[in-house]
Amino acid sequence: MKRSSGYSTEKRTQILEYLVEHKDEDVSVKDIEKYLASKELSVNVTTIYRYLDKLCGEGTVMKRIDEKSGKSTYQYAKPNQTCHNHIHMKCSGCGKIYHMDCGFMDEFKKHIFEHHEFLLDCKTSMLHGLCNKCSKTVII
Numbered sequence: 144m145k146r147s148s149g150y151s152t153e154k155r156t157q158i159l160e161y162l163v164e165h166k167d168e169d170v171s172v173k174d175i176e177k178y179l180a181s182k183e184l185s186v187n188v189t190t191i192y193r194y195l196d197k198l199c200g201e202g203t204v205m206k207r208i209d210e211k212s213g214k215s216t217y218q219y220a221k222p223n224q225t226c227h228n229h230i231h232m233k234c235s236g237c238g239k240i241y242h243m244d245c246g247f248m249d250e251f252k253k254h255i256f257e258h259h260e261f262l263l264d265c266k267t268s269m270l271h272g273l274c275n276k277c278s279k280t281v282i283i
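Just so we're aligned, residue 144 is where the sequence shown starts under our numbering, counting upward by one.
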């Protein structure tokens, strides 16, 4: 008799689709749970965590700890991008995540290491500020 893995391929597909649709955001397990409920799919929270851990292990998803809540958030790591090798920027206004994937990053990481004796871990690094759109709403 075949043992059930606890979640179907459809549920896995829906979780991955949600992550891809929200690739420029950090999402929580609660966000995924709400999405699955809206699709009338019942999934145990532990199962969602296990699948996210699997995706993190594969490099498909990056896990971060939200600085405000201390809870884990997840972001889809786009294929063919070097998400684990560059810093991300998060808009404090709208929450969108931007990829700082440019040649300057190598120079920046080298400077940090050579002048400050600090090896930067890009996959967990996040700069916070305001995107161009949100910065226009700030009254100076």
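Glycine is no exception: its CB is placed at the ideal position from the N, C-alpha and C atoms.
Burial check for VAL186: the Cβ neighbour count within 10 Å reaches 16 or more, so the residue is buried. If you ignore the 5 residues before and after TYR192, its C-beta comes within less than 8 Å of the C-beta of VAL172, all in its own chain and listed in chain order. Judged by pairs of C-beta atoms under 8 Å, the stretch 239-258 does not touch the stretch 202-211, as fewer than three such pairs exist. According to the DSSP secondary-structure assignment, GLY272 is paired through a beta bridge with CYS234. Counting C-beta pairs closer than 8 Å gives fewer than three between the stretch 249-256 and the stretch 209-216, which falls short of the contact rule. As far as DSSP is concerned, ARG193 takes part in no beta bridge. A distance below 7 Å between beta-carbons, with the five flanking residues on each side excluded, links LEU273 to the following residues of its chain, in chain order: CYS234, SER235, GLY236 and VAL281. C-alpha of GLU183 to C-alpha of PHE247: approximately 46 Å in a straight line.
Cβ-Cβ distances below 6 Å link HIS271 to LYS233 and SER235 in the same chain, with the five nearest sequence neighbours on each side left out; the list follows chain order. LYS166 and TYR217 do not touch by the CB rule: their CB atoms are close to 11 Å apart, not below 8 Å. In this chain, THR203 is not harboured by any alpha helix (DSSP H), its DSSP state being neither H nor E. Of the residues assessed, ASP169 falls on the buried side of the cut-off, its CB having 16 or more other CB atoms within 10 angstroms. Where THR280 is concerned, there is no enclosing beta strand (DSSP E), because DSSP gives it neither an H nor an E. Sixteen is the threshold: when 16 or more other Cβ atoms of the shown chains lie within 10 Å of the Cβ of HIS229, as they do, the residue is buried. Using a Cβ distance threshold of 8 Å, LYS266 and HIS227 count as a contacting pair.
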